[in-house]
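Chemist:
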Amino acid sequence: MLASLVVPARAAASPEDLFGYGARTSAMGATGATHGTGAESAYHNPALGSLTRRNAVTLGLGGAAFALTPRTDAPAAKGVLAGAAIPIPFGGFLRDRVGVSAALYMPRDLLVRARVLYPETPQFPLLTDRAQSVTLRAGFGVDVGWGVRAGLGVATLAALSGSVVATAEGSSVENQLVTTYAPTIGATWEHGAGRDALGRPSVYRVGVVFRGELDARFAVTVDGSKLTTLPIPVFDIAGLAQYDPAQIVVEVARTDARSTFALQGVYKRWRDFPGLVEPTLVCSPGVTTCGLAPPEIAWRDTFVVRAGAEHGIDLAPGVVLRARAGGWVETSALPGSLPESRAFDPATKTVVAVPTRYFDGTRLVVTGGFGLGLRHVDLDTFVQRHWVLDHGRITAFGLTGTVRF
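If you count by our numbering, then the sequence shown holds residues 284 to 688, one letter each, in order.
1. Around the C-beta of HIS669, are 16 or more other C-beta atoms found within 10 angstroms, so that it is buried, or is it exposed?
2. Between which two residues does the alpha helix (DSSP H) carrying PHE302 extend?
3. Determine the contact status of SER620 and THR585, defining contact as a CB-CB distance below 8 Å.
4. Could you please give the first and the last residue of the uninterrupted alpha helix (DSSP H) stretch that includes TYR326?
5. What does LEU351 pair with, by DSSP beta-bridge criteria?
6. Which residues bound the beta strand (DSSP E) around SER309?
7. Classify ALA470 as helix, strand or coil using the three-state DSSP reduction.
8. Out of curiosity, what's the CA-to-CA distance linking ALA348 and PRO514?
9. Looking at chain D, is there any beta carbon in it that lies within less than 8 Å of the beta carbon of LEU497?
10. Could you tell me which whole beta strand (DSSP E) segments of length 3 or greater appear in the region 605-654?
11. Strictly by DSSP, which residues pair up with GLU593?
12. So, ALA359 versus GLY321, is the Cβ gap smaller than 8 Å?
13. How would you label GLY477, buried or exposed, when you count the other beta carbons within 10 angstroms and need 16 or more for buried?
14. Grab me the residues of ARG537's own chain with a C-beta within less than 7 Å of its C-beta, minus the 5 sequence neighbours each way, in chain order.
15. Taking 6 Å as the limit between beta carbons, can you name the residues of its chain near VAL686, skipping five residues before and five after?
16. Assign TRP553 to one of two classes, buried (16 or more other C-beta atoms within 10 Å of its C-beta) or exposed (fewer than that).
17. Answer with buried or exposed for GLY622, where buried requires no fewer than 16 other C-beta atoms within 10 angstroms of its C-beta.
18. Terminal residues of the continuous beta strand (DSSP E) containing PRO390?
19. Which of the three DSSP states is assigned to ARG337 in this structure?
20. For HIS674, count neighbouring Cβ atoms within 10 angstroms of its own Cβ and tell me buried if that reaches 16, exposed if not.
21. Assuming contact is defined by CB atoms lying nearer than 8 Å, are PRO329 and GLY495 in contact in what I supplied?
22. Counting Cβ pairs, one atom from each stretch, are 3 or more of them under 8 Å apart for the region 649-657 and the region 599-615?
23. DSSP three-state call for ALA330: helix, strand or coil?
24. Is DSSP giving LEU377 helix, strand or coil here?
25. If you compare alpha carbons, which of LEU419, ASP426, ALA357 is closest to THR462?
26. On the criterion of 16 or more Cβ atoms from any shown chain inside 10 Å, does ARG601 qualify as buried, or is it exposed?
27. For GLY321, name the three-state secondary structure that DSSP assigns.
28. Quick check on ASP498: buried or exposed, where buried means 16 or more other Cβ atoms within 10 Å of its Cβ?
29. Please report the distance separating the alpha-carbon of GLU593 from that of ILE531.
30. Check whether the Cβ atoms of TYR388 and TYR304 sit closer than 8 Å, and answer yes or no.
31. For ARG646 versus VAL666, is the C-beta spacing smaller than 8 Å?
32. Do you know whose CA, among LEU604, GLU613, THR664, lies nearest ARG541's CA?
33. Terminal residues of the continuous beta strand (DSSP E) containing THR411?
34. May I ask you to report which of helix, strand or coil DSSP gives TRP553?
35. Are ALA316 and GLU534 closer than 8 Å when you measure CB to CB?
36. If you check the beta carbons only, do LEU344 and LEU655 fall under 8 Å apart?
Below you can see the structure in the form of C-alpha cells.
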C-alpha cells in the first residue's frame with residue numbers, strides 16, 4: 284500500500300538545507316554565515332541583520348528538477364521566495380546597530396508534501412520530498428561593538444495530528460495544527476584587512492551559527508471499526524513530513540565593497556534522526572509485537588565543506604555587475620549497509636524479508652550566478668548542479684529582486 288499525504292499546513296527549513304536561501308548566497312556555494320545580508324540573514328546568520336541600513340523587500344522564484352536513479356515519481360520543486368529586512372531606528376549607542384529580517388519560501392502547489400512509502404519501494408528519503416515544504420524564518424541582529432555582532436533567529440513549523448472515523452452513515456475528519464519552533468543562534472567577529480586597490484576598506488570576518496533540530500511530524504488515526512462487526516484495528520499513519528538535523532556552521536571570509544571570498548564548514552547531527560515512519564498498528568499496553576515495524580537505521584552524522592566567491596564590476600555610476608561562483612561537498616547520512624525490512628507476501632500469506640531500498644549519496648555541487656545592483660534595486664540569479672554519486676543529478680535555479688527604500 285502507498286499512502287500519499289499532502290499535509291494542509293506546515294513550515295520547515297528543508298529546502299534551505301538542500302540548496303541554501305536567496306539567489307546571492309545560493310550562487311556562492313550556499314555560504315553566507317559571514318556575508319548573507321538582508322532577508323538572507325534570517326537563515327544564514329541572524330547577527331548579520333545588524334548590517335541593515337535601509338528597508339528592503341525581496342521577491343523571487345526558485346525551483347529544482349531531479350534526475351535520479353533508480354527513477355522515482357518525485358515531481359520538480361517550484362516555489363516563491365519572499366523576504367524583508369528592516370533597520371530598527373534606535374538612537375544613541377544603538378543607532379545603526381540593530382536590524383530584523385524575515386525569509387519565506389512557499390511551494391507553488393502545496394504547503395508540504397509527506398509521503399509514506401513501504402521501505403522496499405525505491406526512494407530518496409533525504410532529497411526529493413525535502414524540497415517540498417513551506418519555509419519561514421525570522422532573525423534579530425545587533426552590533427555589540429568591538430567588531431562583534433550577535434543574533435537570534437527562529438524557524439516555525441506546524442505539526443499535524445488528526446483522525447478519520449468511518450461509519451455506515453458517513454465519515455468524519457478532524458485535524459489540529461501544533462506550532463513548533465527551532466532556534467538559530469549566530470555571531471560574527473570582524474577585523475580590518477587594510478584597503479583594496481581603490482582605497483576601500485576590507486575586513487576579515489568569522490561567523491559561527493547554531494541551528495536547532497527542526498522536524499514536522501504528522502499523525503492521523505483511521506478508525507473503521509464502526510463499519511462492520513468484524514474486528515478492524517485502528518490504523519496510525521504517522522511519521523516525519525520534514526526533518527533537518529541540529530547543525531553547527533563555521534565560516535571565514537574576506538570581504539570589501541566589491542569582492543567576497545568565503546570558506547565554510549558544517550557539522551550536521553543526523554544520528555538523532557528518528558526515521559521516516561512509525562508502525563501503522565500501535566501496540567496495546569503490555570504487548571510488544573502487534574504488526575510490522577519500520578527498519579531501524581543507524582543514520583550517520585554528516586560534514587559539509589563549502590566555498591564561495593563574488594566580484595563586482597562598476598558599469599556606470601550606481602550600476603554594478605556581480606559575478607558569483609562556488610560549490611560544496613556533502614557526505615551522506617545513509618549508512619553503507621541497510622537492515623532488511625519485513626513485508627506481508629500475499630502469495631504465501633506470510634511475512635517475508637525484503638530489501639530496504641533507501642538511496643542517497645555524497646553530493647558534489649557547483650554553483651554560479653550573476654547580480655545587477657542599481658541605486659535602489661538588486662536583481663540576482665543563480666543555478667546549481669548537484670551530482671549525487673552513483674545516483675544522478677539535481678538542478679536548482681532561481682532569481683530574486685530586492686527593492687531598498
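Backbone N, C-alpha and C define an ideal beta-carbon position, used for all residues, glycine too.
Modeler: Here's the rundown:
1. By the C-beta density criterion, HIS669 is buried, having at least 16 other C-beta atoms within 10 angstroms.
2. 297-302
3. The Cβ-Cβ distance between SER620 and THR585 does not fall below 8 Å.
4. The continuous alpha helix (DSSP H) containing TYR326 extends over residues 324-327.
5. GLY675
6. Not the beta strand (DSSP E): SER309 falls in the alpha helix (DSSP H), residues 306-310.
7. strand
8. Taking the CA atoms as reference points, ALA348 sits about 45 Å from PRO514.
9. As a matter of chain content, chain D is missing from the structure shown, which is built from one protein chain.
10. 624-628, 633-637
11. THR543, ARG607
12. no
13. exposed
14. ALA476, SER485, TYR487, PHE544, listed in sequence order.
15. VAL340, VAL660
16. buried
17. The question names Gly, yet the displayed sequence has Pro at residue 622. Exposed.
18. 381-390
19. coil
20. buried
21. no
22. In short, these stretches touch, since the Cβ pair count reaches three.
23. helix
24. helix
25. The option with the nearest alpha carbon to THR462 is LEU419.
26. According to the sequence as given, residue 601 is Gly; it is not Arg. Label assigned to GLY601: exposed.
27. The three-state secondary structure of GLY321, taken from DSSP, is helix.
28. Counting the other CB atoms within 10 Å of its CB gives ASP498 a total of 16 or more, which places it among the buried residues.
29. Their Cα atoms are separated by approximately 24 Å.
30. Closer than 8 Å, so yes.
31. no
32. LEU604
33. Counting along the chain, THR411 falls outside any beta strand (DSSP E), and DSSP gives it neither H nor E.
34. helix
35. yes
36. Taking the C-beta atoms as reference points, LEU655 is found no nearer than 8 Å to LEU344.
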